[in-house]
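Novice:
Protein chains: 2
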Amino acid sequence: MRNRGAFGPPWWHGKFRGCGYRLTSGREAILELLLRSEGHLSAEDIYVKIRPRYPNLGLTTIYRTLDLLAHIGIVSKLDFGDGRARYELAEGPKGARHHHHLVCTSCNKVIDYADFIDEEVELLNQTERGLEKRYNFKITNHIIQFYGLCQRCSRK
Amino acid sequence: MRNRGAFGPPWWHGKFRGCGYRLTSGREAILELLLRSEGHLSAEDIYVKIRPRYPNLGLTTIYRTLDLLAHIGIVSKLDFGDGRARYELAEGPKGARHHHHLVCTSCNKVIDYADFIDEEVELLNQTERGLEKRYNFKITNHIIQFYGLCQRCSRK
DNA sequence: ACTATTAATGGAAATCATTTTCATTAACAT
DNA sequence: ATGTTAATGAAAATGATTTCCATTAATAGT
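Protein chains in written order, with the working numbering: chain A, 1 to 156; chain B, 157 to 312.
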């Protein structure tokens with residue numbers, strides 16, 4: 001599942017090379033796992049899922065790689081307030097489409113939703129422009145997230 | 157600075173009693189500090205600021221009290237992504253007025269803004285209603301936050 | 001007020017995600 | 001093929017928060 005076109009190296013090779021990073025098997029393994037499994041994986045999740053095939057890939061490397069991938073914009077680092085970071089493929093050509101998150105504070109289930117997104121994004125952009133001007137801030141990023149109880153958990 | 161009216165105990169006594177919690181000097185000290193200093197204090201901040209007057213108030217108690225205050229809705233627990241929780245007085249009769257946060261990812265400065273709030277709140281509520289219906293979620297809470305570089309940090 | 005009950009406290013130790021250290025390995029430019 | 005240097009991984013360190021548990025103090029009942 002190397003996700004390459006008919007020919008040539010996978011699309012991410014360029015991203016790495018372009019930034020002067022080396023392309024290692026560990027990095028490719030992590031990236032492939034992220035491509036294969038859509039979800040919100042913690043470093044540990046990745047560590048466990050990858051171990052069978054790459055028993056020598058250490059947790060440290062996973063943290064470092066995720067940092068790197070987040071840094072070059074291939075993945076997004078998420079915080080659902082449960083004390084561990086999660087990662088998902090950033091939106092983009094091969095990534096998921098734009099969405100936000102709805103988090104159950106009881107069972108930690110996370111729903112990706114894309115409804116309402118257009119208005120949200122519109123307002124967010126508008127607010128960003130307003131804030132940038134008003135406070136001389138260079139906004140790079142935002143969070144919008146809803147917390148509550150999922151259907152199952154609210155029956156208790 | 158007990159913030160009582162002309163007569164009677166401070167307004168928060170009822171909140172405590174009503175929930176069956178005891179009113180201790182440590183809890184009052186923390187609450188008074190929060191009332192006095194508007195900002196976003198970490199547990200450690202509070203610990204340090206309170207120590208001169210209450211040298212025996214332990215960090216553990218501060219964490220527990222903040223949890224409690226958050227639980228009964230007197231304070232809000234905030235996460236600006238720097239690895240430590242912050243606390244501020246919740247909006248309400250004696251608390252701050254509704255606002256959101258603009259966070260500098262370089263120097264960690266936080267700006268409270270209330271401009272644009274009305275539209276934001278409007279959209280948020282609307283989205284909440286939509287999501288609740290669509291996903292059978294009972295939404296209790298949301299986060300909206302902007303990250304970027306403050307004026308000083310973006311000159312670098 | 002006095003006392004019994006039981007919640008609250010605080011210091012030390014534990015937890016747990018993430019980061020650092022450092023000696024070893026492996027990408028890749030030449 | 002080979003040297004340079006970034007990447008790796010195991011172990012130790014870090015740092016915020018929590019847990020443990022013996023002690024203290026707030027409140028209810030008298």
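Note that the Cβ used here is the ideal one computed from N, Cα and C, for glycine as well.
Among A:Phe-80, A:Leu-78, A:Leu-131, A:Arg-152, which residue has its Cα nearest to the Cα of Cys-260 (chain B)?
Specialist: For the residues A:Phe-80, A:Leu-78, A:Leu-131, A:Arg-152, the minimum Cα distance to Cys-260 (chain B) belongs to A:Leu-131.
Novice: Check each candidate in B:Thr-216, B:Leu-222, B:Ile-186 and name the one with the smallest Cα separation from Lys-205 (chain B).
Specialist: Nearest option by C-alpha distance: B:Ile-186.
Novice: Among the residues of its own chain, which have a CB less than 8 Å from the CB of Asn-234 (chain B), if the five just before and after it don't count?
Specialist: Before going on, a small fix: residue 234 (chain B) reads as Leu here, not Asn. For Leu-234 (chain B), where only same-chain residues beyond five positions count, the Cβ hits under 8 Å are His-196, Ala-241, Arg-242, Tyr-243, Glu-244, His-257.
Novice: Using the DSSP secondary-structure output, state which residues sit across from Tyr-243 (chain B) in a beta bridge.
Specialist: Answer is B:Leu-197, B:Lys-233, bridged to Tyr-243 (chain B).
Novice: Please report the residue range of the alpha helix (DSSP H) in which His-397 (chain B) lies.
Specialist: With chain B running from 157 to 312 in the structure shown, residue 397 (chain B) is simply not present.
Novice: Which residues of chain B have a Cβ atom closer than 7 Å to the Cβ of Cys-19 (chain A), listed in chain order?
Specialist: Per Cβ cutoff of 7 Å: no residues; Cys-19 (chain A) is ~20 Å from chain B at best.
Novice: Could you check whether His-254 (chain B) and Val-277 (chain B) sit closer than 9 Å to each other, using their CB atoms as the reference points?
Specialist: In contact: Val-277 (chain B) and His-254 (chain B) (Cβ atoms closer than 9 Å).
Novice: Taking its Cβ as the centre, do 16 or more other Cβ atoms sit within 10 Å of Leu-66 (chain A), making it buried, or is it exposed?
Specialist: Classification of Leu-66 (chain A): buried, given that the 10 Å Cβ count is 16 or more.
Novice: Check for me: the beta strand (DSSP E) holding Thr-140 (chain A) runs from which residue to which?
Specialist: 138-149 is the span of the beta strand (DSSP E), which, as asked, contains Thr-140 (chain A).
Novice: Once you ignore the five residues that flank Met-157 (chain B) on each side, which residues in its own chain have a CB closer than 7 Å to its CB?
Specialist: Only weak support exists for where Met-157 (chain B) lies, its pLDDT of 47 falling under 50; the coordinates are left without a value.
Novice: Beta-carbon within less than 6 Å of Ile-144 (chain A)'s beta-carbon, same chain only, minus the 5 sequence neighbours each way: which residues are those?
Specialist: Closer than 6 Å at Cβ, skipping near neighbours: His-100.
Novice: Please tell me whether Asp-67 (chain A) has its Cβ less than 9 Å away from any Cβ of chain B.
Specialist: It does not: the Cβ of Asp-67 (chain A) has no partner Cβ on chain B nearer than 9 Å.
Novice: Give the residues of chain A in contact with Asp-238 (chain B), contact being defined as C-beta atoms less than 8 Å apart.
Specialist: Going along chain A, no residue has its Cβ under 8 Å from Asp-238 (chain B), so there is no contact; the nearest lies around 11 Å.
Novice: Could you give the DSSP three-state label for Gly-161 (chain B): helix, strand or coil?
Specialist: Note on Gly-161 (chain B): pLDDT 48, under 50, position unreliable in the model; the coordinate value appears next. Three-state result, Gly-161 (chain B): coil.
Novice: Identify which residue in A:Gly-73, A:Gly-81, A:Glu-44, A:Tyr-147 has its Cα closest to the Cα of Tyr-63 (chain A).
Specialist: Of A:Gly-73, A:Gly-81, A:Glu-44, A:Tyr-147, the residue nearest in Cα terms is A:Glu-44.
Novice: Mapping DSSP to helix, strand and coil, what is Tyr-177 (chain B)?
Specialist: Of the three classes helix, strand and coil, the one that applies to Tyr-177 (chain B) here is coil, per DSSP.
Novice: At least one CB of chain A closer than 9 Å to the CB of Asn-264 (chain B): is that the case?
Specialist: No, no contact with chain A.
Novice: Following a CB-centred definition, is Asp-118 (chain A) positioned closer than 8 Å to any heavy atom of the ligand PLP?
Specialist: For the structure depicted, the ligand PLP is absent and the ligand set is empty, with no information on it obtainable.
Novice: Would you say His-158 (chain A) lies against chain B (beta-carbon separation less than 9 Å)?
Specialist: A question about residue 158 (chain A) goes unanswered here, because the residues of chain A that appear run from 1 up to 156.
Novice: Check Tyr-210 (chain B) in the structure and name its three-state DSSP category.
Specialist: In this structure, Tyr-210 (chain B) counts as coil in the three-state DSSP scheme.
Novice: State the DSSP-derived secondary structure class of His-255 (chain B), mapped to helix, strand or coil.
Specialist: Coil at His-255 (chain B), not helix or strand.
Novice: Whole angstroms are fine: how far does the CA of Thr-140 (chain A) sit from the CA of Gln-307 (chain B)?
Specialist: Looking at the two C-alpha atoms, the distance is approximately 13 Å.
Novice: Against chain A, which members of the stretch 273-289 of chain B pass a CB distance test of less than 7 Å?
Specialist: Those residues of the stretch 273-289 of chain B that come within reach of chain A (Cβ to Cβ, closer than 7 Å) are Glu-275, Glu-276, Leu-279, Thr-283, Glu-284, Gly-286, Leu-287.
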